[in-house]
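Below is one structure, written out as structure tokens; comments come after it.
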Amino acid sequence: MDSTSLCLGTVIVAGNDEGSMTYLKDPVAGSMIVNIKTNNGKEETRLIATSCLLITSGTRACKNCTYAAKLWYNRETKRNVKGGSLHKKCNVRFLARGGLEEKVCKQRKEIRSDSVREKRAMDEMIEFSESDCVDLRKIVDNVDSKDVPEDMALLWEMQRKQLASKSPAGYRWHPKYYKNCVSQQPAWNTETIEWCRKEAERKNLKSADYWGGLVVDEMKIQEDLQMTVQGGKHQLVGMVSLGEFYQDMKRVETGTSDIQIATHLLQFIFLSDSGFRFPLAHFPTAQCPPSALYFQFWEGVLQMKRTGFSPIDLHFIGYNMWTEDPMVFQMDCKHNFKKIRNNIEKSSPSGTTRCLTKDGKNIFWSHWKEAYLWDQRCNSRHCHERLKEDHFELTPSSRMKNSLAEDVLDKRMFNLMKAYKEHLMMTNDEDANRLDESI
1 MDSTSLCLGT VIVAGNDEGS MTYLKDPVAG SMIVNIKTNN GKEETRLIAT
51 SCLLITSGTR ACKNCTYAAK LWYNRETKRN VKGGSLHKKC NVRFLARGGL
101 EEKVCKQRKE IRSDSVREKR AMDEMIEFSE SDCVDLRKIV DNVDSKDVPE
151 DMALLWEMQR KQLASKSPAG YRWHPKYYKN CVSQQPAWNT ETIEWCRKEA
201 ERKNLKSADY WGGLVVDEMK IQEDLQMTVQ GGKHQLVGMV SLGEFYQDMK
251 RVETGTSDIQ IATHLLQFIF LSDSGFRFPL AHFPTAQCPP SALYFQFWEG
301 VLQMKRTGFS PIDLHFIGYN MWTEDPMVFQ MDCKHNFKKI RNNIEKSSPS
351 GTTRCLTKDG KNIFWSHWKE AYLWDQRCNS RHCHERLKED HFELTPSSRM
401 KNSLAEDVLD KRMFNLMKAY KEHLMMTNDE DANRLDESI
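Sequential numbering of the sequence shown, starting at 1, is according to the UniProt record's numbering.
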């Protein structure tokens, strides 16, 4: 009896009981919280089991109170890890007023999100009439599974499983659905070149179809930084990457190693004589100097030779079979047409510092527009039937269309300008000769 003492439960640290008591009637089933005043006048919050043994020997609390305290600490730790939120599967009959309010609030959020998701799905769906819906269902039901292509059947099966999944964490795709598993990083990649060779073999190309060359293309991209995950680590993409040689030369030239966001994308494409096309490498750039382009071209030739291709150094010299003059290859004629049209568009008597002249006479964009308006106004059968307002009221997107530039520089426009000049001369217009240089 001398070693026994009265069991007063387990002390709960002040502040830790707020989370459980906010949501639950009792912190642990079969227990209760009491406030006890000690001999020195301090109040303590203690957890006591309803099955307390009342008397303990050699310990501060009996085994039942100790077990209840252990359960409370374990559950309180889990609540703190989850941010103190209420578990969604918690029994309603154990909840206090605060827990019931939070549960109702969560249910309202779920209902709102479900309604938004359902509305989005309904907006994306196509609504058929009742008769068409019945006909389409009969057609689909009568389709033999053997007649469906393997790729399409696989796609439909994967989509069915994704729609049946309750969480995005359960999304899984069949290995056959993946086109490739090549890591397409900037610079020359041996796996990509090997993929090109296998793709050519898959298409059963003839030996002559393997002849081709490298096409260099550069396109404008939006200046932006993106975050990707490689091997569980986050990486930034969107910066200039032209290889170590370019970085070393830039460091020698400027003395710094500043990072620059890419504005263009340089791409090397293999194009065979049979029309087989395959992109081999890409490089984010801001302004690609000739030295870097030269180095990357020969680096690509070396990489392709290592992969199994056979580069051949040949220089083709040809002459025109009719005039016997040396043949001149002009690259990207359509782009040159757009540049000429854009320069003419900027040439005006006012509002710009650029004005095209020839033999002392000006070439204005207004000459083209005046001829077009005269043709639309005076001729029932237009001299140039393809001209529209879009050819003259240009926007950033329409300036990229090759057809609009070709239409205002072709032979029909030439005949229209001459007809317009003759009309001005017949009306005794003194300024008819202003069109000479434009024509």
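Even for Gly, the Cβ is constructed at its ideal location relative to N, Cα and C.
Anticipated Cβ contact below 8 Å, residue i with residue j, distance rounded
i	j	result
GLY300	ALA281	6 Å
PHE278	GLU199	6 Å
VAL28	LEU71	5 Å
LYS418	ILE439	6 Å
ASP340	GLU437	Reading off the sequence, residue 340 comes out as Ile, not Asp. At roughly 14 Å, the Cβ-Cβ gap does not stay under 8 Å, so ILE340 and GLU437 are not in contact.
LEU154	LYS119	Actually they are not in contact, since the Cβ atoms of LEU154 and LYS119 sit about 31 Å apart, beyond 8 Å.
GLN162	TYR171	6 Å
PHE392	LYS421	Not a contact, Cβ separation roughly 19 Å.
Test item: CB-CB of residue i and residue j under 9 Å
i	j	result
THR190	GLN376	no
ILE55	GLU44	no
ALA68	THR4	no
ASP224	ILE193	no
GLY243	ALA208	no
VAL216	LEU265	no
ILE259	MET239	yes
THR59	THR50	no
ALA61	CYS7	yes
MET426	HIS384	no
PHE297	PHE268	yes
MET32	LEU53	no
SER272	GLY360	no
TRP365	ILE344	yes
TYR372	LEU424	no
GLU157	HIS174	yes
ARG399	ASN336	no
THR263	LYS206	no
LYS334	ALA432	no
LEU387	VAL408	yes
MET249	SER291	yes
SER347	LEU356	yes
PRO284	SER241	yes
LEU214	PHE128	no
ARG197	THR307	yes
CYS90	GLY99	yes
For residue i: DSSP bridge partner residues
i	result
MET32	ILE48
THR10	LEU47
VAL216	PHE268
SER165	Answer is none; SER165 lacks a bridge partner.
residue 466	Lying outside 1 to 439, the shown extent of the chain, residue 466 is not represented and no answer is given.
LYS37	GLU43
Limits of the alpha helix (DSSP H) - the one that residue i falls within
i	result
LYS106	97-124
CYS133	130-141
LYS418	411-426
Residue range of the unbroken beta strand (DSSP E) whose run includes residue i
i	result
ILE344	Element bounds for ILE344: not the beta strand (DSSP E) but the alpha helix (DSSP H), 333-346.
Counting only runs that start and end within the stretch 218-305, where is the beta strand (DSSP E) found for 3 or more residues in a row? 226-230, 233-237, 264-272, 277-285
My parser needs the alpha helix (DSSP H) runs of 4 or more residues fully inside the stretch 172-214; what are they? 190-202
Quick one: which unbroken alpha helix (DSSP H) runs of 4-plus residues sit fully inside the stretch 348-406? Chain order, please. Along the length of the stretch 348-406, whole alpha helix (DSSP H) runs at least 4 residues long occupy 365-378, reported in chain order.
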